[in-house]
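In UniProt numbering, the protein residues as written are 1 to 176. Positions of the beta carbon are idealized from the N, C-alpha and C atoms, including for glycine.
Below, the structure written as structure tokens:
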């Protein structure tokens, strides 16, 4: 705004999306991916896998078929896109993460509390409390990855919960 007042331009500037689009087009700015991956799964494999999955789950009610998947939140990662005229080289990506394990049944009616996995055994932001004290499941590993010990604890707790409810469930987990 200092530039606008020095140059005599109104300080009540309002830029629309259309203005930005025209500016980008006029000067050749586009949104470029700095880094990416390409790949797809052949449809024949998808069809075969779907048929196999239906066979596996056929003996269970959808309420008792659970799927667990992991995702990571890279909280220090810079954006992978940039508005520029030219190709921009990528930078070294931060690996600081929190991993989440999310589990729900096939109908979406039974969502298990998420499991958070960080690198600190006792994070400072917890102020001396545990994840359980704060109302969630928290575990730690050196790289904030799921490992065998954490997975076994998680499965044991889920098994105890299902035994209390007198339920036999099928848990689907990817192997990646």
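Own chain partners of residue i with C-beta closer than 8 Å, once the 5 adjacent residues on each side are dropped
i           : result
residue 74  : 93, 94, 95, 96 and 97
residue 106 : 57, 62, 63, 65, 66 and 67
residue 167 : 64
Cβ-Cβ separation, residue j to residue i (assumed contact under 8 Å), whole Å
i           : j           : result
residue 29  : residue 83  : 5 Å
residue 119 : residue 144 : 5 Å
Under the three-state DSSP convention, the category residue i falls into
i          : result
residue 71 : strand
residue 91 : coil
residue 57 : helix
residue 41 : coil
residue 48 : helix
Residue i vs residue j beta-carbon contact at 8 Å
i           : j           : result
residue 103 : residue 66  : yes
residue 115 : residue 126 : no
residue 117 : residue 99  : yes
residue 146 : residue 70  : yes
residue 113 : residue 137 : yes
residue 153 : residue 139 : yes
residue 72  : residue 91  : no
Neighbourhood of residue i by C-beta distance below 6 Å, restricted to the same chain and skipping five residues each side
i           : result
residue 38  : Residue confidence is low: residue 38 scores 43 on pLDDT, short of 50, so the model does not pin down where it sits. No coordinate-derived value is stated.
residue 169 : 64, 66 and 162
Those runs of the alpha helix (DSSP H) which lie wholly inside the UniProt domain "DDE-1" (95-175) and span at least 4 residues:
131-134 and 148-164
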